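The structure appears below as structure tokens.
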Amino acid sequence: MENNKKTILYLGVLLITIFSGYLIYDRYVATEPSIEIGVQNGNLLLDQEITSIDGSETILFSDYRGSVLIIDFMAPWCEPCKLQIPYLREVESIPGVEVVTINIDTSYDTDYLFNLKEEENISWFFGTNPSSALDFEVNAIPTILIVDQKGVIVHRGYFTSDKDFQRILPDLID
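Each number in my numbering comes from the position in the sequence shown (counting from 1) with 122 added on.
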């Protein structure tokens, strides 16, 4: 009888230990569910190398983790793209927000792009990557991606107005 009580006690302690270990693992060790890498809302942003328009600097989107990142896919001939720039200039001044503009039309030379940057007073990173339009499934411009601090795409749209930015950004900025 005494052996049965000891056996039951040991089994009880063993079960409690196993259950406690599971709870500790689940709470402190298990990782967050993985997020699919991609180019749509809810995806972890596909990392890509972008070269500045003069070729002097290269960035990766992952360089901007920890900040809200706004990616602007544009072309110099696109009038709605030019209309987007004042809104980008305004949000770029918000602490914790970074803007990257990517020219997807490679038929323009460096001098033309520099002049555009000067004329439009673009102070943020302005680069080019010929494969960006395909990689990011850009089928109209301007295409705007808003990426949170963790690198997850929270907005994908075309022309994004001041009201759209005012609606989206406050929830993302610490």
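We treat Cβ as the ideally placed atom computed from N, Cα and C, and that holds for glycine. All values reported here derive from a predicted model rather than from experimental measurement.
From the listed residues L210, F195, I175 and L168, the smallest Cα separation to L182 is found for L168. Separation of R211 and D257 (C-alpha to C-alpha, rounded to the nearest whole angstrom) is 26 Å. Only exposed fits E179, as fewer than 16 other CB atoms lie within 10 angstroms of its CB. In this structure, S189 lies near E220, with their beta-carbon atoms less than 7 Å apart. Cα atoms of G164 and Q288: separation of roughly 20 Å, rounded to the nearest angstrom.
Looking at the DSSP output, F248 bridges to T223. Of the residues I290, G273 and K272, the one whose Cα lies closest to the Cα of G279 is I290. Counting C-beta pairs closer than 8 Å gives fewer than three between the stretch 260-280 and the stretch 236-252, which falls short of the contact rule. Taken through DSSP and simplified to helix, strand or coil, T139 comes out as helix.
Within the stretch 152-181, the complete beta strand (DSSP E) segments at least 3 residues long are 171-174, listed from N- to C-terminus.
Put simply, the backbone Cα of G177 is about 27 Å away from that of L166. With a 10 Å radius around the Cβ and a threshold of 16 neighbouring Cβ atoms, T265 comes out buried.
F195 sits in a strand when the DSSP states are folded into three classes. When secondary structure is reduced to three states using DSSP, L294 falls in the coil class, being assigned neither helix nor strand. The C-alpha of E214 is placed about 23 Å away from the C-alpha of T232. For Y186, the closest alpha carbon among the candidates K272, D284, D293 and I295 is that of K272. For V276, the enclosing beta strand (DSSP E) covers residues I275 to G279.
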